[in-house]
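Trainee: Protein chains in written order, with our numbering: chain A, 35 to 323; chain B, 35 to 323.
Beta carbons: idealized from backbone N, C-alpha and C, even for Gly.
The structure's right below; bear with me while I get my questions together.
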């Protein structure tokens with residue numbers, strides 16, 4: 035029987051980075067039993083000392099065997115490898131979820147080789163910080179964040195319901211259900227393209243004096259140019275078709291705008307500004323659905 | 035004799051928008067005599083009632099005649115027309131400055147026809163808000179802002195010194211001197227290109243559902259997509275050569291990044307991310323020079 039959401043659940047967090055660590059923090063704070071596996075002994079030691087977890091190890095198959103729910107805070111490809119290697123130790127009816135920022139390829143891959151008596155229900159907590167590591171673990175960032183569950187035809191209603199309760203318990207602001215495909219399209223635009231833009235903008239000009247003249251708008255726009263190159267290279271490649279399409283659509287809009295400058299086409303330029311103003315206004319509304 | 039900076043100076047603000055109004059507010063608060071001219075009778079009435087100005091009018095040539103310093107809060111082209119029409123009423127040695135976000139063309143034009151006994155010393159207070167209008171006038175936004183003076187060979191050292199004192203008096207965080215050409219290049223990148231990007235990004239996708247999934251990074255990046263189309267069309271056209279070049283450089287970086295996706299060129303993509311991270315870090319340093 036699949037686990038139902040209750041306080042006696044035993045969670046195993048694999049990968050105690052910012053997200054995995056924050057899950058551990060949030061769950062322990064709410065009275066759940068939380069254990070962890072992480073590649074770094076000192077990370078485990080820190081998490082145990084700080085009360086994020088009851089116990090943990092670099093590897094201990096008993097921790098896998100005893101878990102009702104396994105939450106992965108690993109990079110996507112590392113997660114695929116981990117599950118492939120260690121799924122044999124999972125107990126029947128274990129529920130698995132993740133935090134990966136892209137879904138389609140990863141979920142398809144995992145569900146293709148996963149044991150039939152274990153269920154992987156993918157989810158994406160759209161929270162984050164510019165810092166990484168377990169020492170920044172905290173659950174405050176969940177309170178303004180979207181939690182997206184991306185089930186496939188291989189998932190059960192029970193697992194979807196479980197993840198909804200999980201997200202509610204952790205106080206996420208919004209909970210949505212999206213297909214993996216729709217999720218990755220959306221993320222290609224609202225997250226990945228914006229990072230591509232910030233990276234490109236910082237790569238396009240090397241005048242160090244500019245720092246003295248920047249205003250808030252430039253700072254806001256480039257804040258996300260500080261980026262973990264290992265994680266994001268992986269995320270970009272895992273969603274490259276969507277991201278390349280988004281870059282193309284954006285480039286088209288950019289070149290259309292450039293053309294209005296060249297031709298001093300006041301009407302078209304103003305229309306683009308009026309449209310951007312109208313669309314952006316929608317985003318100022320309260321996020322609660 | 036040119037005015038020296040002292041508390042008995044009589045200022046005339048022409049155009050009581052957000053910037054002109056904030057100048058009036060800041061100067062009156064500091065005990066200067068401030069008068070104003072604005073196209074809207076109700077704006078004058080509001081400014082007088084709120085203590086931003088001593089008096090004002092839609093047009094009163096005596097206000098021009100009696101001013102030691104005239105500060106323009108008008109749109110650039112409107113300012114050129116205004117000076118052309120009313121310069122005959124200015125007293126000898128009047129000092130004129132402005133708030134325009136682009137300089138080269140405007141300054142060259144004004145200085146080409148301006149009376150020899152009146153001096154136009156251009157400046158750019160790099161402050162602003164997403165709102166406009168005199169009712170939002172305030173001087174708090176100056177305290178974190180850059181104040182840039184853009185003198186030409188036609189300007190006197192006395193006028194440059196005057197504007198420095200003016201900016202100090204109003205508590206600007208940094209005061210810089212730049213040529214008009216260098217100013218417009220810089221502004222093409224740090225301000226205009228960022229607005230072009232935000233506008234293009236909002237024009238590139240029309241899925242209204244996206245609002246439910248946006249994170250802070252998208253909100254930050256598109257905040258400036260809410261834009262006054264009349265002012266910014268004018269600013270873009272007045273700096274179109276620089277801005278088109280910046281769009282080209284940015285597009286090159288964007289297409290280079292897209293190519294790394296196409297070819298799954300991990301090394302180049304990571305290098306771009308490392309470079310953007312390094313460069314962006316500089317912008318987190320305190321702004322004070």
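For a cutoff of 8 Å on Cβ pairs, would you count residue 138 of chain B as touching chain A?
Mentor: For residue 138 of chain B, the answer is no, since every Cβ of chain A falls outside 8 Å of its Cβ.
Trainee: Does residue 206 of chain A come within less than 8 Å of chain B when only Cβ atoms are used?
Mentor: no
Trainee: Is there a Cβ from chain A that is less than 8 Å from the Cβ of residue 231 of chain B?
Mentor: yes
Trainee: Measure from the alpha carbon of residue 329 of chain A to the alpha carbon of each residue in A:79, A:299, A:155, then state which is nearest.
Mentor: The first residue shown for chain A is 35 and the last is 323, placing residue 329 of chain A beyond what the model contains.
Trainee: Looking at the strands, I want to know which residues DSSP matches up with residue 70 of chain B.
Mentor: B:47, B:90
Trainee: Residue 180 of chain A and residue 225 of chain A: beta carbons closer than 8 Å?
Mentor: no
Trainee: Can you tell me whether DSSP reads residue 59 of chain A as helix, strand or coil?
Mentor: helix
Trainee: Taking 8 Å as the threshold (beta carbon to beta carbon), is residue 237 of chain A in contact with chain B?
Mentor: yes
Trainee: Under 8 Å between the Cβ atoms of residue 101 of chain B and residue 90 of chain B?
Mentor: no
Trainee: Since residue 259 of chain A meets chain B, which of its residues come closer than 8 Å, beta carbon to beta carbon?
Mentor: Residues of chain B whose Cβ lies closer than 8 Å to the Cβ of residue 259 of chain A are, in chain order, 310, 311, 313, 314.
Trainee: Checking contacts by CB at 8 Å: is residue 330 of chain B closer than that to chain A?
Mentor: Residue numbering for chain B in the displayed model covers 35 to 323; residue 330 of chain B lies beyond these limits and cannot be assessed.
Trainee: Buried or exposed for residue 87 of chain A, please, with buried defined as at least 16 other CB atoms from any protein chain shown within 10 angstroms of its CB.
Mentor: buried
Trainee: Have a look at A:110, A:62, A:298, A:146 and flag the residue whose alpha-carbon is nearest the alpha-carbon of residue 137 of chain A.
Mentor: A:110
Trainee: Got a sec? Which residues, its chain only, sit under 7 Å from residue 49 of chain B by beta carbon, not counting five neighbours each side?
Mentor: Taken in chain order, the residues that qualify are 72, 106, 107, 108.
Trainee: So, is the C-beta of residue 253 of chain A closer than 8 Å to a C-beta in chain B?
Mentor: yes
Trainee: Residue 244 of chain B touches chain A at which residues, Cβ-Cβ below 7 Å?
Mentor: From the beta-carbon of residue 244 of chain B, the residues of chain A found nearer than 7 Å are 220, 223, 224.
Trainee: Identify which residue in A:68, A:231, A:285, A:177 has its Cα closest to the Cα of residue 42 of chain A.
Mentor: A:68
Trainee: Closer than 9 Å, Cβ to Cβ, to anything on chain A: give me those residues from the segment 276 to 303 of chain B, in chain order.
Mentor: 277, 278, 280, 281, 282, 283, 284, 285, 286, 287, 288, 289, 290, 291, 292, 294, 295, 296, 298, 300, 303
Trainee: Work out the CA separation of residue 229 of chain A and residue 254 of chain B for me, nearest whole Å.
Mentor: 12 Å
Trainee: Return the residue from the list A:158, A:95, A:77 that minimises the CA-CA distance to residue 119 of chain A.
Mentor: A:95
Trainee: Name, please, each residue of chain B whose Cβ falls closer than 9 Å to the Cβ of residue 160 of chain A.
Mentor: 247, 248, 249
Trainee: Hey, how far is the Cα of residue 149 of chain B from the Cα of residue 126 of chain B?
Mentor: Taking the straight line joining both Cα atoms gives about 9 Å.
Trainee: By DSSP, does residue 29 of chain B sit in helix, in strand, or in coil?
Mentor: Since the first residue shown for chain B is 35 and the last is 323, residue 29 of chain B is missing from the structure and cannot be characterised.
Trainee: Given that residue 234 of chain A touches chain B, what residues does it touch there, using C-beta distances under 7 Å?
Mentor: Listed by position along chain B, the residues whose Cβ is nearer than 7 Å to that of residue 234 of chain A are 284, 287, 288, 291.
Trainee: For the ligand HEM, is there any heavy atom lying closer than 7 Å to the beta carbon of residue 143 of chain A?
Mentor: Ligands in the displayed structure: none, and consequently the ligand HEM is not present.
Trainee: Let me see if you follow: with CB-CB separation under 8 Å, is residue 215 of chain A close to chain B or not?
Mentor: no
Trainee: Give a yes or no on whether the C-beta atoms belonging to residue 104 of chain A and residue 130 of chain A are separated by under 8 Å.
Mentor: yes
Trainee: Could you check how far apart the C-beta atoms of residue 234 of chain B and residue 212 of chain A are, in whole angstroms? I think they sit under 8 Å.
Mentor: At roughly 26 Å, the Cβ-Cβ gap does not stay under 8 Å, so residue 234 of chain B and residue 212 of chain A are not in contact.
Trainee: Answer with buried or exposed for residue 159 of chain B, where buried requires no fewer than 16 other C-beta atoms within 10 angstroms of its C-beta.
Mentor: buried
Trainee: Within a Cβ cutoff of 6 Å, which residues of the same chain sit near residue 152 of chain B, ignoring the five residues on either side of it in sequence?
Mentor: 124, 128
Trainee: Along the chain, where does the beta strand (DSSP E) that runs through residue 258 of chain B open and close?
Mentor: Careful: residue 258 of chain B lies outside any beta strand (DSSP E) and carries neither H nor E.
Trainee: Please report how far the alpha carbon of residue 166 of chain A lies from the alpha carbon of residue 133 of chain B, in whole angstroms.
Mentor: 42 Å
Trainee: Take the Cβ of residue 25 of chain B as the centre, count every other Cβ of all protein chains shown within 10 Å, and call the residue buried at 16 or more, exposed below.
Mentor: Here chain B covers residues 35 to 323 and nothing more, so residue 25 of chain B does not appear.
Trainee: Pop quiz: residue 52 of chain B and residue 198 of chain B are said to be a contact at Cβ under 8 Å. What is the actual Cβ separation, rounded to whole angstroms?
Mentor: Not really, about 23 Å apart at Cβ, beyond 8 Å.
Trainee: Taking the DSSP output, what are the residues bridged to residue 180 of chain A?
Mentor: According to DSSP, residue 180 of chain A bridges with A:160, A:208.
Trainee: Could you give the residue range of the alpha helix (DSSP H) that holds residue 141 of chain A?
Mentor: Note, residue 141 of chain A: alpha helix (DSSP H), 138 to 147.
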